[in-house]
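Have a look at the structure below before the remarks.
In the working numbering, the protein residues as written are 18 to 352.
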């Protein structure tokens, strides 16, 4: 599974203020949580990572003040992993040194970095001491091992009950999907819970945007066959009709175009013409008000082909519609 796919979802989800405030408020160890001024937490824009370090970190940083009122500012590095790295301590130490170098260069106040790792991989993450990288190291020398501790949030070890009992919000949906992200069968089996509160989210623009991101990530993770994907979408179509239809139609158009690219190489022109025609028929039936040009764009057909399909549907001849090879729009060709 592509690391960039997970990174994109994590970055998107943690761009919502409600998510990162809920995360720090509900999932931090109590003693740390009591020190954090939750309302003061805000994301830091920009990045100081070198190209080499960007292969390890998604670089999501939050700044927080302390409830004690002391003039200490914390930088909370939120990093996610879908696998157990060889030596997390080395990665974190490199990150912290880069950040301190940037603070010195820019004459900024030094901040204490608290690394927080969100993990959702298959393998159980066993947190080891930093000196574990040196198995034969005498105990007296262990204090010289340069390291920074970190907080581990192992989503896979959370029970479904624990996640569902968190405050209502995007964090619940996101953690559930991350928990099952490596198991398409469990994703499908927990479909309704993953999209819980969706009806409420659909009432706002931000909520619809979140559902869009959640469903897109869900479908990308599952890599379901087209028939299975359509069945899944049907299960959550209501009350999420607007969001679901938008995503499903975009994905089906993309999948058809990708299939066309391969199919042309293998001489499967007729098969793709049939697939495109069936897709156009479904779009016309679901959205009769859409203009021919829009249907043609989604289906990858010439506009004249859509006109002919529409005429035959209007005449009650759906079963007689036979796609023609010259209906199919070649890749890169305008209608």
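Even for Gly, the Cβ is constructed at its ideal location relative to N, Cα and C.
Grouping DSSP H, G and I as helix and E and B as strand, with all else coil, what is residue i?
i           : result
residue 211 : helix
residue 35  : helix
residue 171 : strand
residue 121 : helix
residue 112 : helix
residue 280 : Unreliable positioning characterises residue 280 in this predicted model, as indicated by a pLDDT of 46, which lies under 50. A coordinate reading is not provided.
residue 234 : helix
residue 129 : strand
residue 44  : helix
residue 318 : strand
residue 158 : helix
residue 183 : coil
residue 163 : coil
residue 70  : Here the model assigns residue 70 a pLDDT of 49, short of 50, so the residue's position is not dependable and the matter cannot be decided.
residue 101 : coil
residue 240 : coil
residue 339 : coil
residue 333 : coil
residue 200 : coil
residue 147 : helix
residue 176 : coil
residue 294 : helix
residue 285 : Confidence in residue 285 is poor, its pLDDT being 46 and thus under 50, which makes the residue's placement too unreliable to answer from.
residue 248 : helix
residue 327 : helix
residue 312 : helix
Please name the residue in the options whose C-alpha comes closest to that of residue i.
i           : options               : result
residue 247 : 299, 200 and 132      : 299
residue 172 : 28, 311 and 40        : 40
residue 22  : 326, 198 and 167      : 198
residue 32  : 291, 250, 187 and 292 : 187
residue 127 : 136, 135, 242 and 115 : 115
residue 192 : 211, 165 and 200      : 211
residue 104 : 213, 164, 56 and 182  : 164
residue 207 : 220, 190 and 221      : 190
residue 54  : 145, 93, 77 and 24    : 93
residue 143 : 170, 154, 333 and 61  : 170
residue 57  : 34, 81 and 183        : 81
residue 24  : 238, 333 and 156      : 238
residue 101 : 307, 85, 134 and 123  : 134
Give the straight-line distance between the Cα atoms of residue i and residue j, rounded to the nearest whole angstrom.
i           : j           : result
residue 209 : residue 202 : 13 Å
residue 371 : residue 344 : The shown model of the chain, from 18 to 352, leaves out residue 371, and the question about it has no answer.
residue 175 : residue 138 : 12 Å
residue 215 : residue 228 : 7 Å
residue 185 : residue 107 : 37 Å
residue 194 : residue 95  : 18 Å
residue 149 : residue 158 : 12 Å
residue 301 : residue 42  : 48 Å
residue 119 : residue 316 : 50 Å
residue 109 : residue 309 : 55 Å
residue 30  : residue 196 : 15 Å
residue 125 : residue 305 : 60 Å
residue 136 : residue 79  : 18 Å
residue 311 : residue 98  : 40 Å
residue 205 : residue 249 : 7 Å
residue 117 : residue 38  : 25 Å
residue 319 : residue 313 : 6 Å
residue 113 : residue 47  : 24 Å
residue 168 : residue 221 : 34 Å
residue 162 : residue 49  : 25 Å
residue 230 : residue 324 : 34 Å
residue 181 : residue 36  : 15 Å
residue 327 : residue 251 : 24 Å
residue 292 : residue 335 : 15 Å
residue 166 : residue 147 : 8 Å
residue 282 : residue 232 : The predicted model places residue 282 with a pLDDT of 43, which falls under 50 and marks its position as unreliable, so this point remains unresolved.
residue 332 : residue 297 : 16 Å
residue 240 : residue 200 : 11 Å
If residue i and residue j are in contact, beta carbons under 8 Å, what's the gap, nearest whole angstrom?
i           : j           : result
residue 253 : residue 294 : With 8 Å as the limit, residue 253 and residue 294 do not qualify as a contact, their Cβ atoms being about 27 Å apart.
residue 52  : residue 83  : 5 Å
residue 225 : residue 234 : Their Cβ separation, rounded to whole angstroms, is 15 Å, which puts residue 225 and residue 234 out of contact at 8 Å.
residue 121 : residue 91  : About 18 Å separates the two Cβ atoms, so there is no contact after all.
residue 290 : residue 340 : 4 Å
Could you name the residues that DSSP lists as bridge partners for residue i?
i           : result
residue 59  : 80
residue 96  : 134
residue 91  : 81 and 129
residue 53  : 83
residue 300 : BP columns for residue 300 are empty, so no partner.
residue 195 : In DSSP, residue 195 forms no bridge with anything.
residue 22  : None, per the DSSP bridge assignment.
residue 345 : 318
Does the beta-carbon of residue i, which I'm using as the reference point, lie nearer than 7 Å to any heavy atom of the ligand MG?
i           : result
residue 317 : With respect to small molecules bound, the structure shown includes none, and the ligand MG cannot be examined in it.
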